[in-house]
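Structure first, then comments.
Number of protein chains: 2
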Amino acid sequence: MSAKDRIAGVLSPVVTPFKADLSPDPERFVRQCRWLLSQDVGLAVFGTNSEANSLSTDEKVELLDRLVGAGVDAGRMMPGTGCCALTDSVRLTAHAMKLGCGGVLMLPPFYYKGVSDDGLFKNFAEVIERVGDRRLRIYLYHIPPVSQVAITLPLIERLLKAYPGIVAGAKDSSGDWNNTKAYLDNFAKQGFDVFPGSETFLLQGMRHGGVGCISVTANVNPGAIARLFATWQTADADAQQERLNEIRGIFAKYPMIPALKAAIAHYGGDASWATVRPPLVALTREQAASLVSELKARDFDMPALRG
Amino acid sequence: MSAKDRIAGVLSPVVTPFKADLSPDPERFVRQCRWLLSQDVGLAVFGTNSEANSLSTDEKVELLDRLVGAGVDAGRMMPGTGCCALTDSVRLTAHAMKLGCGGVLMLPPFYYKGVSDDGLFKNFAEVIERVGDRRLRIYLYHIPPVSQVAITLPLIERLLKAYPGIVAGAKDSSGDWNNTKAYLDNFAKQGFDVFPGSETFLLQGMRHGGVGCISVTANVNPGAIARLFATWQTADADAQQERLNEIRGIFAKYPMIPALKAAIAHYGGDASWATVRPPLVALTREQAASLVSELKARDFDMPALRG
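Structure follows, in structure tokens:
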């Protein structure tokens, strides 16, 4: 498979809308995914910022079916399919393949801490062997601040040797450029596609052989982030990057997932978007007002959302 | 409900046997549970040391059904039913209640770190409200070294006020006696039953108003731990405690879950018990031999297991 068949560019870990009874809301979910695609942003559904681990496997299967059933392009999807339980990871990954997803983003099993690379290798190898599909493209998900379980360089090396082509890349949400650079320096030439986990590293990543980014803020600022990806070799790239960082900085002052949802609720004129599942808590009225006022002060808008 | 109806004593987070294909082995599971009950040890199935988070919800439901179907007393069971996803926690807890389990042990949702007590309260409250069964007895599971999400004193206070009787106690696996003592000092008189998460605190716990312990080592040394619980007010209690600590100390030199399974495999003459699910890794042949030789040097045996 050539690099051309690979997912690249900007992806959003799509926030998951919930109804008042906290059940997932497939209609709003489909609408949000269509909007993101219209901004040229791909769909890393079931990421950390999707509250994916607050959903059961049945709920994820159902949401994925609803997306594909609504005609959303599965080739633009990189669902998160890495769970604590091997059997859940296998089930979700196989289902994503059946639907034709362009790739899957896999957390390591994250309950046990201090596990060995041997055990993690075995976990990913079992998923790959059991799914048994040459089209599978796995992106390893490194997010130690949350998962507390790391995707190390030796682990990547071993997986790449055992499953070249199938082990397709990584999302690095360490927030540590040195780690992203080590991934790039060691593996990019072998066709291992590295996505920084934040648009703050988009430009730096592209200049060092990265292929895009998968960023939470792409949920609310998709067009501008996609534009930097498309024009990163132009003269105003650094200015664009600075503006992206400014907007992200505002969201980062608040609990991130509730803040995204509050912004979507406000700019989309759809209050029910603010709902989160426990253990998360929605922004207070005051927090939401303060967020919007800060965004307005920087001339931020999401006009297309109301379209 | 009087304290007499409550689970007390020594419970084991029962290790889960797997077949060669890594699927759960219900027959060996039933046998192990029966053996533990014969040693007067209750069944905290689906604990950390059960590799419970490496099982899907479907697999847990099936194993619980098999236990009850085999006539194992559900009143002696305190299955772990706390998951990352609210819907999984509700489903498992409701199923445990349907089967008549004496209680459930609930982890907080453990993917997101740094969550608020408000969010954790909402999580437990939603489970309680949705299950909607006055017989429910929830034991909060505090194991910050693994879950990284704590059950704080203010959270317990708030839950006890909102759901007296239903919020029945806690397992404290912090390994920090000061925390166990704070649980006891603050809440034991309100009928909040505290189980230290290790038999090393069994005697100390009983002397301060505890009701037993839930300990990993009860998988391999059940009779001796249950004996200390039954005779903690006798003259040789301290000597018994010392001996328990000595045996635990040997297991603690190895990765704990694989070591338990290696010991059960050895003393039960049943090699397939050694199997673990990734991300865990079984002991090497050398580690297993060394474990057994250390245990033998201290005259440790598990004769009943072969009965």
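Just so you know, the sequences run in chain order A and B. Counting with this note's numbering, you get residues 14 to 320 for the letters of the first sequence. Counting with this note's numbering, you get residues 14 to 320 for the letters of the second sequence. All C-beta atoms, glycine included, are put in the ideal place defined by N, C-alpha and C. Since this is a predicted model, take the numbers as computed values, not measurements.
Reduced DSSP category for residue i - H, G, I as helix; E, B as strand; rest coil
| i | result |
| --- | --- |
| MET119 (chain A) | strand |
| MET90 (chain A) | strand |
| ILE359 (chain B) | With chain B covering 14 to 320 only, the question about residue 359 (chain B) has no answer from this structure. |
| MET14 (chain B) | No answer about MET14 (chain B) holds up, because its pLDDT of 39 lies below 50 and its placement is not dependable. |
| THR113 (chain B) | For the sequence presented, residue 113 (chain B) should be read as Gly rather than Thr. GLY113 (chain B): coil per DSSP, three-state reduction. |
| GLY281 (chain A) | helix |
| PHE264 (chain A) | helix |
| PRO271 (chain B) | helix |
| PRO177 (chain A) | strand |
| PRO158 (chain A) | helix |
| VAL305 (chain A) | helix |
| CYS97 (chain A) | coil |
| GLY222 (chain B) | coil |
| PRO167 (chain A) | helix |
| PRO235 (chain A) | helix |
| LEU296 (chain A) | coil |
| VAL81 (chain B) | helix |
| PRO68 (chain B) | Just to set this straight, residue 68 (chain B) is Leu in the shown sequence, not Pro. Coil. |
| TYR333 (chain B) | What is shown of chain B runs 14 to 320, which leaves residue 333 (chain B) out entirely. |
| LYS126 (chain B) | coil |
| THR288 (chain A) | coil |
| ARG143 (chain B) | helix |
| ARG104 (chain A) | helix |
| ASP251 (chain B) | helix |
Cβ-Cβ distance between residue i and residue j below 9 Å
| i | j | result |
| --- | --- | --- |
| GLN161 (chain B) | PRO177 (chain B) | no |
| LYS184 (chain B) | LEU118 (chain B) | yes |
| ASN66 (chain A) | VAL229 (chain A) | no |
| LEU241 (chain B) | HIS221 (chain B) | no |
| SER187 (chain A) | GLY218 (chain A) | no |
| MET91 (chain B) | LEU172 (chain B) | no |
| GLY93 (chain B) | PRO26 (chain B) | yes |
| GLY60 (chain B) | ILE227 (chain B) | yes |
| VAL294 (chain A) | GLY127 (chain B) | no |
| ALA322 (chain A) | ASP146 (chain A) | Residue 322 (chain A) lies beyond the stretch modelled for chain A, which goes from 14 to 320, so this question has no answer here. |
| ASP53 (chain A) | ALA284 (chain A) | no |
| VAL159 (chain A) | GLY22 (chain A) | no |
| PHE338 (chain B) | ALA98 (chain B) | Any question about residue 338 (chain B) goes unanswered here, given that chain B covers just 14 to 320. |
| VAL28 (chain B) | ASN232 (chain B) | yes |
| VAL207 (chain B) | ARG143 (chain B) | no |
| ASP130 (chain A) | THR165 (chain A) | yes |
| ALA301 (chain A) | ALA278 (chain A) | yes |
| LEU257 (chain A) | ALA275 (chain A) | no |
| ILE6 (chain B) | PHE205 (chain B) | A query on residue 6 (chain B) cannot be resolved here, the shown segment of chain B reaching from 14 to 320 and no further. |
| LEU76 (chain B) | PHE42 (chain B) | yes |
| ILE20 (chain B) | ARG89 (chain B) | yes |
| VAL81 (chain A) | GLY113 (chain A) | yes |
Identity of the residues DSSP links to residue i by a beta bridge
| i | result |
| --- | --- |
| PHE208 (chain B) | B:LYS184 |
| GLY55 (chain A) | A:LEU24 |
| PRO39 (chain A) | None, per the DSSP bridge assignment. |
| LEU153 (chain B) | B:MET119 and B:ALA183 |
| PRO316 (chain A) | Answer is none; PRO316 (chain A) lacks a bridge partner. |
| PHE242 (chain A) | For PHE242 (chain A), which the question treats as bridged, DSSP gives no partner whatsoever. |
| PHE31 (chain B) | B:PRO37 |
Hey, is the segment 272 to 292 of chain B in contact with the segment 126 to 139 of chain A, meaning 3+ C-beta pairs nearer than 8 Å?
yes
At least 3 beta-carbon pairs within less than 8 Å: the segment 141 to 151 of chain B vs the segment 107 to 118 of chain B
yes
In the segment 109 to 126 of chain A, which residues sit with their C-beta less than 8 Å from some C-beta in chain B, listed in chain order?
PRO121, PRO122, PHE123, TYR124, TYR125 and LYS126
Taking beta-carbon pairs under 9 Å, can you tell me which members of the segment 160 to 173 of chain B lie near chain A?
SER160, GLN161 and VAL162
Using a Cβ distance threshold of 8 Å, determine whether the segment 293 to 313 of chain B contacts the segment 257 to 265 of chain B, with at least three qualifying pairs required.
yes
Against chain B: residues of the segment 66 to 81 of chain A by CB proximity under 7 Å
ASN66, SER67, LEU68, SER69, THR70 and GLU72
Residues of the segment 243 to 261 of chain A with Cβ closer than 7 Å to any Cβ of chain B, in chain order:
none
Members of the segment 213 to 224 of chain A near chain B, C-beta cut-off 9 Å
none
Scan the segment 87 to 103 of chain B for residues whose Cβ lies nearer than 7 Å to a Cβ of chain A and list them as they occur along the chain.
CYS97, ALA98, LEU99, THR100 and ASP101
Any residues in the segment 132 to 150 of chain A with a beta carbon nearer than 7 Å to a beta carbon of chain B? Which ones, in chain order?
GLY132, LEU133, LYS135, ASN136 and GLU139
Would you list, in chain order, the members of the segment 34 to 66 of chain A that have their beta-carbon closer than 9 Å to a beta-carbon of chain B?
LEU35, SER36, THR61, GLU64, ALA65 and ASN66
Short of 7 Å Cβ to Cβ, which residues in the segment 289 to 301 of chain A face chain B?
ARG290, PRO291, PRO292, LEU293 and VAL294
Under 8 Å (Cβ pairs) to chain A, residues found in the segment 175 to 208 of chain B:
none
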